[in-house]
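Chain order of the listed sequences is Z and P.
Sequential numbering from 297 applies to the first sequence in the working numbering.
Sequential numbering from 297 applies to the second sequence in the working numbering.
Following: one structure in C-alpha cells, then a few remarks.
Number of protein chains: 2
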Amino acid sequence: MTAALLDSLRQTVGAAHVLTEGDLSAWEQDWRRRQRGRALAVVRPGSTAEVAAVVRACAAAGTSLVPQGGNTGLSVGSSPDASGTQVVLSLTRLNRVRALDPANLTLTVEAGCILQTVQQTAAEAGLLFPLSLAAEGSCTIGGNLATNAGGTQVVRYGNARELCLGLEVVTARGEVWDGLSGLRKDNTGYDLRNLLIGSEGTLGIITAATLKLFARPAAQLTAWAAVPSMQAAVQLLALAHRHLGAGLTGFEVMNQFSLSLVARHMPQLRAPFAGLEGAPWCVLLENSDNESEEHARSRFEHLMELAFEEGCVLDAVVAGSIAQARELWHVRESIPLAQAEEGLNIKHDISVAASRIPDFIAHTDAVLAREVPGARLVTFGHLGDGNLHYNVQAPEGGDAAAFLREQEPRVNQLVYDAVATHGGSFSAEHGVGTLKTAELQRYESPVALGLMRAIKQALDPQGLLNPGCVLENR
Amino acid sequence: MTAALLDSLRQTVGAAHVLTEGDLSAWEQDWRRRQRGRALAVVRPGSTAEVAAVVRACAAAGTSLVPQGGNTGLSVGSSPDASGTQVVLSLTRLNRVRALDPANLTLTVEAGCILQTVQQTAAEAGLLFPLSLAAEGSCTIGGNLATNAGGTQVVRYGNARELCLGLEVVTARGEVWDGLSGLRKDNTGYDLRNLLIGSEGTLGIITAATLKLFARPAAQLTAWAAVPSMQAAVQLLALAHRHLGAGLTGFEVMNQFSLSLVARHMPQLRAPFAGLEGAPWCVLLENSDNESEEHARSRFEHLMELAFEEGCVLDAVVAGSIAQARELWHVRESIPLAQAEEGLNIKHDISVAASRIPDFIAHTDAVLAREVPGARLVTFGHLGDGNLHYNVQAPEGGDAAAFLREQEPRVNQLVYDAVATHGGSFSAEHGVGTLKTAELQRYESPVALGLMRAIKQALDPQGLLNPGCVLENR
Numbered sequence: 297m298t299a300a301l302l303d304s305l306r307q308t309v310g311a312a313h314v315l316t317e318g319d320l321s322a323w324e325q326d327w328r329r330r331q332r333g334r335a336l337a338v339v340r341p342g343s344t345a346e347v348a349a350v351v352r353a354c355a356a357a358g359t360s361l362v363p364q365g366g367n368t369g370l371s372v373g374s375s376p377d378a379s380g381t382q383v384v385l386s387l388t389r390l391n392r393v394r395a396l397d398p399a400n401l402t403l404t405v406e407a408g409c410i411l412q413t414v415q416q417t418a419a420e421a422g423l424l425f426p427l428s429l430a431a432e433g434s435c436t437i438g439g440n441l442a443t444n445a446g447g448t449q450v451v452r453y454g455n456a457r458e459l460c461l462g463l464e465v466v467t468a469r470g471e472v473w474d475g476l477s478g479l480r481k482d483n484t485g486y487d488l489r490n491l492l493i494g495s496e497g498t499l500g501i502i503t504a505a506t507l508k509l510f511a512r513p514a515a516q517l518t519a520w521a522a523v524p525s526m527q528a529a530v531q532l533l534a535l536a537h538r539h540l541g542a543g544l545t546g547f548e549v550m551n552q553f554s555l556s557l558v559a560r561h562m563p564q565l566r567a568p569f570a571g572l573e574g575a576p577w578c579v580l581l582e583n584s585d586n587e588s589e590e591h592a593r594s595r596f597e598h599l600m601e602l603a604f605e606e607g608c609v610l611d612a613v614v615a616g617s618i619a620q621a622r623e624l625w626h627v628r629e630s631i632p633l634a635q636a637e638e639g640l641n642i643k644h645d646i647s648v649a650a651s652r653i654p655d656f657i658a659h660t661d662a663v664l665a666r667e668v669p670g671a672r673l674v675t676f677g678h679l680g681d682g683n684l685h686y687n688v689q690a691p692e693g694g695d696a697a698a699f700l701r702e703q704e705p706r707v708n709q710l711v712y713d714a715v716a717t718h719g720g721s722f723s724a725e726h727g728v729g730t731l732k733t734a735e736l737q738r739y740e741s742p743v744a745l746g747l748m749r750a751i752k753q754a755l756d757p758q759g760l761l762n763p764g765c766v767l768e769n770r
Numbered sequence: 297m298t299a300a301l302l303d304s305l306r307q308t309v310g311a312a313h314v315l316t317e318g319d320l321s322a323w324e325q326d327w328r329r330r331q332r333g334r335a336l337a338v339v340r341p342g343s344t345a346e347v348a349a350v351v352r353a354c355a356a357a358g359t360s361l362v363p364q365g366g367n368t369g370l371s372v373g374s375s376p377d378a379s380g381t382q383v384v385l386s387l388t389r390l391n392r393v394r395a396l397d398p399a400n401l402t403l404t405v406e407a408g409c410i411l412q413t414v415q416q417t418a419a420e421a422g423l424l425f426p427l428s429l430a431a432e433g434s435c436t437i438g439g440n441l442a443t444n445a446g447g448t449q450v451v452r453y454g455n456a457r458e459l460c461l462g463l464e465v466v467t468a469r470g471e472v473w474d475g476l477s478g479l480r481k482d483n484t485g486y487d488l489r490n491l492l493i494g495s496e497g498t499l500g501i502i503t504a505a506t507l508k509l510f511a512r513p514a515a516q517l518t519a520w521a522a523v524p525s526m527q528a529a530v531q532l533l534a535l536a537h538r539h540l541g542a543g544l545t546g547f548e549v550m551n552q553f554s555l556s557l558v559a560r561h562m563p564q565l566r567a568p569f570a571g572l573e574g575a576p577w578c579v580l581l582e583n584s585d586n587e588s589e590e591h592a593r594s595r596f597e598h599l600m601e602l603a604f605e606e607g608c609v610l611d612a613v614v615a616g617s618i619a620q621a622r623e624l625w626h627v628r629e630s631i632p633l634a635q636a637e638e639g640l641n642i643k644h645d646i647s648v649a650a651s652r653i654p655d656f657i658a659h660t661d662a663v664l665a666r667e668v669p670g671a672r673l674v675t676f677g678h679l680g681d682g683n684l685h686y687n688v689q690a691p692e693g694g695d696a697a698a699f700l701r702e703q704e705p706r707v708n709q710l711v712y713d714a715v716a717t718h719g720g721s722f723s724a725e726h727g728v729g730t731l732k733t734a735e736l737q738r739y740e741s742p743v744a745l746g747l748m749r750a751i752k753q754a755l756d757p758q759g760l761l762n763p764g765c766v767l768e769n770r
C-alpha cells in the first residue's frame with residue numbers, strides 16, 4: 297500500500313521530488329527544535345495541479361498530509377509527527393511571481409515564494425508589501441497566510457490576513473479552488489479566503505495568493521522614548537494615533553531588563569536611555585511619511601513635545617537620519633538574540649487589549665514574583681497591537697535547562713490564566729500548531745470549539761490535512 | 297403546532313414583541329420594494345439570551361428564521377418569503393452601547409444599534425467609526441456586518457469586515473458564542489468572525505460586535521477633477537495613493553450623464569465641470585489630514601499640479617472650506633436620487649480590478665449600445681475600490697416600466713457576463729440576498745460553491761437560518 301502510494305507520488309511529481317532517504321531533518325525538525333518527527337516521504341510538487349494530484353493520491357490511500365512552507369513556524373504546525381506515516385507536502389517549488397498589477401496595487405504569487413522576495417518584487421515596482429518579520433529571509437508567503445503571520449507593522453497594515461485579497465487553494469478532495477481575486481469589494485457568498493487564512497493547513501492547502509500592495513512612504517523615521525510606566529506608554533500610543541494617524545507604522549515597547557541583555561551580549565549596540573532611573577520601559581515609534589524625512593521629523597518632534605507636556609514621556613530622541621532610524625530598530629530586533637545568549641527561556645506570544653496591558657503586567661509580574669522566585673522577565677513586543685512577548689528567563693546563575701524542565705508548564709499556565717482573566721489571547725501571532733492544542737481546548741469557548749470541529753469535519757471529512765494541528769485528534 | 301410555537305415565543309420575549317397582526321409591511325417588504333413576503337410572526341427579542349431562546353424554540357418546531365436589522369438591504373436578504381411560515385427575527389431592540397474603550401480604540405455595541413448612533417458614539421469620544429453609507433440613519437450595525445457593507449471610505453478603512461474585531465453570535469442550535477474580543481492579534485483557531493460576517497444571517501445571528509475606532513482626522517477636504525478618460529482617472533488614483541497615502545479616504549468617479557441628471561433634477565446643486573468638453577468623467581477625492589485644513593489643501597494642490605503635468609487631469613478645484621467640501625460630496629450623493637427622479641432604471645453593484653476598469657467600461661458600453669439601443673448609462677461609484685454602480689436608465693422618453701420588464705434580465709446578463717470576463721464581481725457591496733442567488737450559481741466556481749454548501753450544512757444542518765438566501769434551497 298505504502299509502496300503503491302510512493303510510486304504514484306513519484307509518477308506525479310517526479311522521483312527526484314519524493315524524498316524518503318538521507319537527512320530529512322530540514323523538513324522533519326521544527327524551527328525551535330521542540331519536536332523531531334519522521335515522514336513517510338517529503339513530496340515537492342512543482343505546480344498547483346501536482347499539489348492537487350498529490351492530495352488525491354494521499355486521500356485515496358488514507359494517508360495524511362502535513363503542508364509545509366519555510367518550516368519557520370514557532371508552534372510546531374508544519375512538521376510531521378513521529379509515526380513515519382505522514383507525507384510532508386513542501387510547497388517551496390511553487391515559487392513563481394505570477395502577476396504584478398501596479399494600477400490595482402496587487403501582486404499574485406505562489407505559496408512557496410519567500411517573504412523577502414515578495415517584499416523585493418513590490419519594492420522594485422516602487423511599491424510596498426508591508427508584512428515584515430524576523431524569519432522573512434526563509435519563511436514563505438503560503439506559510440505566512442496559513443498562520444496569519446503578524447510582525448512589526450501590524451499597527452498600521454494588519455496581519456497577513458488583512459494583506460490578502462484572494463487565494464488559490466487545493467481542497468481536501470484534491471480540487472482546485474481558484475479564488476485569486478484582486479477585488480477590494482466582493483460580497484458573493486461565504487468568506488472562504490479568511491477561513492483558510494490562519495487555518496494552519498488543516499482545511500485546505502494554499503497554493504497561491506493575490507496580495508495588497510501600498511504606495512511606498514517617502515520616508516520612514518523612528519523615535520525612541522523613555523516612559524515612566526506602562527500606563528504612560530499606553531497614553532503615548534493614543535497620542536501617536538491622534539497626531540500621526542496612519543503614519544504610525546510601529547509602536548514597540550521594551551522593559552529595561554530586555555535592554556540590559558542587549559547591552560550585556562551586544563555591547564556594540566547602544567540603546568538610548570538604557571537603565572535610566574524612573575523609566576522602567578522604553579518605546580520605539582516608527583513614522584512613515586508620504587512627504588519627506590523632514591516632515592516626518594517635524595511631526596515626531598511635535599508629538600514628543602505634547603507627550604512631555606502630558607507627562608507620558610521622560611526623555612526622547614528622534615532619529616537624526618534614516619541610518620540612525622535603522623539602528624534603533626536594530627536594538628529592538630536584537631532582543632530575542634540577546635535573550636538566547638543569556639540562556640534558555642520560556643517564551644509567550646500573548647495579546648491583551650492595549651487599555652488592559654498595564655493591569656495585566658502589574659498582576660502577572662506580581663504572580664510570577666511570588667510563584668517563581670528569581671524568574672527574570674524579558675517583556676517586549678508590539679504594544680500598538682496589544683501583543684507582548686512576555687518571556688521568562690531562568691533565575692540568574694541557575695540551571696536554565698532544569699528551570700525549563702521543572703517550571704515551563706506551570707509558568708505557562710500562570711501566564712495564560714492571567715491572559716484569560718484579562719480577556720486576552722494565548723497565541724497572538726504564532727498560531728496554535730500542535731504545540732498549543734491543549735491551550736486551545738482550555739481557553740477557547742466550547743461553542744466556538746464546536747463550530748470549529750464542525751467546519752473541520754465539513755471540509756476535511758477524512759481528517760487527512762495536518763491532523764492534530766489546531767484541533768486535537770479525537 | 298404553530299399555536300404552540302407562538303405561545304412559546306410570547307412567553308420568551310413577551311406578547312407585545314410577537315407581532316402577528318396589523319400592518320407588518322415594515323418587516324415583510326424589502327427596501328427597494330422588489331418582493332413582498334408574509335411572516336408567521338415578527339419576533340423582537342430584547343436580549344441575546346432571548347434571541348437564543350427564540351432560535352431554540354423555532355429549531356424545535358422546525359420553523360425557519362429570517363434575521364433582520366434595519367431592513368435596508370438592497371438584495372432582499374432580510375424579509376420573509378411568501379409562505380407565511382417564517383419567523384422574522386428583528387434585532388432592533390438589541391440596541392445598547394455596551395462598552396467604549398478609547399485607549400484600545402474599540403467600541404462594543406449590540407446588533408440593533410443604528411449605524412449613525414455608532415458613528416456619533418465614537419465622535420462624542422473624539423474618535424472615528426468610518427463606516428458610512430446612504431442608509432446610515434436607519435440601517436443597523438448587525439445588518440452592516442451580516443452583509444459586509446461597504447460605502448464611501450472603503451479605499452482607506454475597508455468594508456465592515458475590516459472594522460470588526462469580535463462578534464457575539466447565536467448559533468443555529470441556539471447557543472451563544474461570545475467572541476467579543478477587542479484584540480488586534482489573535483491566532484487561536486479558525487476565523488469564525490469573518491465566516492459569520494457577510495454570511496447574511498444564514499450561518500448564525502450576530503447579536504453584538506466589537507468595532508475598531510480610529511483617531512479623528514484634523515480636517516477632511518475634497519477636490520473635484522475633470523479627467524479626459526477613465527484611464528486618466530485610474531492614473532490619478534495611483535498618483536493620489538502615492539502622494540496622499542492613507543490620507544486618501546475617498547475616490548469617487550461619475551460620468552457626465554450622471555451629473556447631467558443632477559443638474560436637471562436638482563438645479564440648485566452645482567457640479568464643477570459639468571458638461572466640460574473632452575472630460576467624460578469627473579472625480580471626487582477626499583483627503584483626511586492629521587494636521588490641519590491648510591495642510592490638507594496644500595497636499596491636494598501639490599497632487600493636482602503633478603496630475604496636470606502628467607496630463608491625467610484637465611481641470612480641478614480644491615474645496616476652499618469644509619462647507620464647500622461637503623457640497624461637493626452632496627453632488628456625488630445626489631446621483632441616486634436624481635436618477636430615481638429621471639425614472640425607473642436597472643441597477644448594478646459591480647467590481648473589477650481598478651486596472652481593468654477602462655477596458656471593462658469600453659467593452660460593456662459598446663455591448664449595451666449595440667444590444668440595447670437608446671439605453672442611457674448612469675455610471676458612478678467608488679473607483680478607489682474598483683466598485684461601480686453601473687446603472688442603466690431606460691431610453692429618453694420611453695416607457696421605463698416596460699423597458700425594465702422586457703430588458704432587465706437581459707441587461708443584467710450582458711453586464712454580469714462582461715464583469716466575469718474582466719475577473720470582477722456581480723455583487724461588490726450589496727451581497728447576494730435572495731435576489732442574486734442565480735447569479736451566484738452561474739458565476740461562482742463549483743468548487744467554492746461546494747465548500748459553501750458544506751459549511752452551511754455543518755453550521756445549520758436543519759437549514760432554518762434564512763433559507764434561500766445566498767445559497768438556493770435545494
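Every residue gets a Cβ at the ideal spot worked out from N, C-alpha and C, and that includes glycine.
Please read these numbers as outputs of a predicted model, since none were measured by experiment.
- Message: Could you give the first and the last residue of the continuous alpha helix (DSSP H) run that contains C354/P?
- Response: Sequence index remark: in the second sequence, residue 354/P carries index 58 (1-based). Per DSSP, C354/P belongs to the alpha helix (DSSP H) from T344 to A357.
- Pick helix, strand or coil for W577/P, following the three-state DSSP scheme. Against the second sequence, residue 577/P aligns to sequence position 281. Three-state result, W577/P: strand.
- Task: Under 8 angstroms between beta-carbons, which chain P residues line up against P513/Z? List them in chain order, please.
- Result: For the purposes of this step, residue 513/Z is identified with residue 217 of the first sequence, where counting begins at 1. Neighbours of P513/Z on chain P, chain order: G541.
- Check whether the Cβ of Y686/P lies closer than 8 angstroms to any Cβ atom in chain Z. Within the second sequence, numbered from 1, the residue matching residue 686/P stands at position 390. By this cut-off, Y686/P is not an interface position.
- Message: Please list, in chain order, the residues of the segment 697-728 of chain Z that have any C-beta partner in chain P closer than 9 angstroms.
- Response: G719, G720, S721, F722, S723, A724, E725, H726, G727 and V728
- beta strand (DSSP E) containing K773/Z: first to last residue? Because residue 773/Z is not part of the residues shown, which for chain Z are 297 to 770, the question remains open.
- Quick one: does N483/P have its CB under 8 angstroms from some CB of chain Z? Counting from 1 along the second sequence, the entry for residue 483/P is found at position 187. True, the Cβ-Cβ gap to chain Z drops below 8 angstroms.
- Task: Report yes if the C-beta distance between E725/P and D661/P is below 8 angstroms; otherwise report no.
- Result: Walking along the second sequence from the start, residue 725/P turns up at place 429. Walking along the second sequence from the start, residue 661/P turns up at place 365. No.
- Task: Starting from the Cα of E771/Z, find the closest Cα among S556/Z, S554/Z, L532/Z and A575/Z and give me that residue.
- Result: Residue 771/Z is absent from the model: chain Z starts at 297 and stops at 770.
- Message: Can you confirm whether G446/P, when its beta carbon is compared against all beta carbons of chain Z, has any partner nearer than 8 angstroms?
- Response: As a working mapping, residue 446/P is identified with position 150 in the second sequence. Closer than 8 angstroms: yes.
- Query: Expressed to the nearest angstrom, what Euclidean distance is found between the alpha-carbon atoms of P513/Z and R512/P?
  - Reply: Your numbering for residue 513/Z matches position 217 in the first sequence. Your numbering for residue 512/P matches position 216 in the second sequence. The straight-line gap from Cα to Cα measures roughly 21 angstroms.
- Message: Any contact between the segment 612-619 of chain Z and the segment 687-702 of chain Z? By contact I mean 3 or more CB pairs, one from each, below 8 angstroms.
- Response: no
- Message: Looking at the strands, I want to know which residues DSSP matches up with Q564/Z.
- Response: Within the first sequence, the letter at position 268 stands for residue 564/Z. For Q564/Z, which the question treats as bridged, DSSP gives no partner whatsoever.
- Query: What residue from V549/P, P742/P and T498/P has the CA that sits closest to R769/P's CA?
  - Reply: Here residue 769/P refers to the residue found at position 473 when the second sequence is read from its first residue. As written in the sequence, residue 769/P is Asn, which differs from the Arg given in the question. Minimum Cα distance to N769/P is reached at T498/P.
- Message: Within a Cβ cutoff of 6 angstroms, which residues of the same chain sit near G333/Z, ignoring the five residues on either side of it in sequence?
- Response: Here residue 333/Z is taken as the residue at index 37 of the first sequence, counted from 1. Contacts found: E324, S375, P376, D377 and A378.
- CB contact check: A353/P to chain Z, cutoff 8 angstroms: On the second sequence, residue 353/P is found 57 positions in, with the first residue counted as 1. Not an interface residue.
- According to DSSP, is H678/P helix, strand or coil? Looking up residue 678/P in the second sequence gives position 382. H678/P falls in the strand class under three-state DSSP.
- Query: For the 8 angstroms Cβ check, are there 3 or more pairs between the segment 555-575 of chain P and the segment 532-543 of chain P?
  - Reply: These segments do not touch.
- Task: Give the straight-line distance between the Cα atoms of D756/Z and N683/P, rounded to the nearest whole angstrom.
- Result: Along the first sequence, one-based indexing puts residue 756/Z at 460. Along the second sequence, one-based indexing puts residue 683/P at 387. In this model, D756/Z and N683/P are separated by some 35 angstroms (Cα to Cα).
- Item | Straight-line Cα distance separating S428/Z from L411/Z | Mapped onto the first sequence, residue 411/Z falls at position 115. Mapped onto the first sequence, residue 428/Z falls at position 132. If I take the Cα positions, the gap works out to 8 angstroms.
- Message: Can you pull out the residues from the segment 450-470 of chain P whose beta carbon lies closer than 9 angstroms to at least one beta carbon of chain Z?
- Response: V450, V451, R452, G454, N455, R457, E458, V465, T467 and R469
- Query: For I642/Z, which beta-bridge partners are listed by DSSP?
  - Reply: The sequence position of residue 642/Z within the first sequence is 346, counting from 1. Its beta-bridge partners are V688/Z.
- Task: Decide yes or no for the touch test of the segment 486-500 of chain P against the segment 711-722 of chain P: beta carbon pairs closer than 8 angstroms, at least 3 of them.
- Result: no
- Which listed residue (R738/P, E629/P, L540/P and E735/P) has its alpha carbon closest to that of E597/P: As a first step, residue 597/P is located in the second sequence; it is residue number 301 there, counting from the start. When R738/P, E629/P, L540/P and E735/P are compared, the shortest CA-CA separation from E597/P is found for L540/P.
- Item | C-beta atoms of E464/P and A418/P nearer than 8 angstroms | Counting from 1 along the second sequence, the entry for residue 464/P is found at position 168. Counting from 1 along the second sequence, the entry for residue 418/P is found at position 122. Contact: no.
- Would you say W473/Z faces chain P, with C-beta separation under 8 angstroms as the test? Translated into the one-based positions of the first sequence, residue 473/Z becomes position 177. Interface annotation, W473/Z: in contact with chain P, CB-CB separation under 8 angstroms.
- Close-in-space but distant-in-sequence residues of the same chain around T545/Z (CB under 6 angstroms, 5 per side omitted): In the first sequence, the residue the question calls residue 545/Z occupies position 249. Only Q449, R452, E582 and S584 meet the Cβ criterion.
- Query: Since A521/Z contacts A399/Z with CB under 8 angstroms, what's their CB separation in whole angstroms?
  - Reply: The sequence position of residue 521/Z within the first sequence is 225, counting from 1. The sequence position of residue 399/Z within the first sequence is 103, counting from 1. Not really, about 39 angstroms apart at Cβ, beyond 8 angstroms.
- Give the residues of chain Z in contact with M748/P, contact being defined as C-beta atoms less than 8 angstroms apart. Position 452 of the second sequence, counted from the start, is the residue given in the question as residue 748/P. Under the 8 angstroms cutoff, chain Z gives G485, Y486 and L488.
- From the DSSP output, in three-state form, read off A612/P for me. Locating residue 612/P in the second sequence gives position 316, where the first residue counts as 1. Under the three-state reduction of DSSP, A612/P is assigned to strand.
- Query: Going along the chain, which residues of its own chain have a beta-carbon closer than 8 angstroms to the beta-carbon of S630/Z, five neighbours each way excluded?
  - Reply: For this step, residue 630/Z is matched to residue 334 along the first sequence. So the qualifying residues of the chain are V558, M562 and L565.
- Query: Is Q516/P close to chain Z, meaning its C-beta is less than 8 angstroms from at least one C-beta of that chain?
  - Reply: Your numbering for residue 516/P matches position 220 in the second sequence. Chain Z contact via Cβ: absent.
- Would you tell me roughly how many angstroms separate the C-alpha atoms of I653/Z and L599/Z, rounded to the nearest one? Position 357 of the first sequence, counted from the first residue, corresponds to residue 653/Z. Position 303 of the first sequence, counted from the first residue, corresponds to residue 599/Z. So the alpha carbons of these two residues sit roughly 22 angstroms apart.
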